Amino acid sequence: MTMIIITKLVGMMLPVIRLMTLSHPIVRNSIRDAFR
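Quick note, my numbering runs 6 ahead of the 1-based positions in the sequence shown.
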């Protein structure tokens with residue numbers, strides 16, 4: 007059950023994160039460096 011809730015939360019947050027990263031290239035670069 008917890009995995010379903012986590013996947014739903016991630017699915018809801020992904021579009022918001024995508025919009026934020028697209029509007030802020032500096033944030034996108036920092037996130038890219040964080041995931042390296």
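Where is the CB? At the ideal position from N, CA and C, for every residue including glycine. What you are looking at is a predicted structure, and each value in this text was computed from that prediction instead of being measured.
- Taking C-beta atoms as the reference points, residue 33 and residue 26 count as a pair closer than 9 Å.
- For residue 24, the enclosing alpha helix (DSSP H) starts and ends at 8-29.
- Our two residues, residue 24 and residue 36, have alpha carbons roughly 14 Å apart in a direct line.
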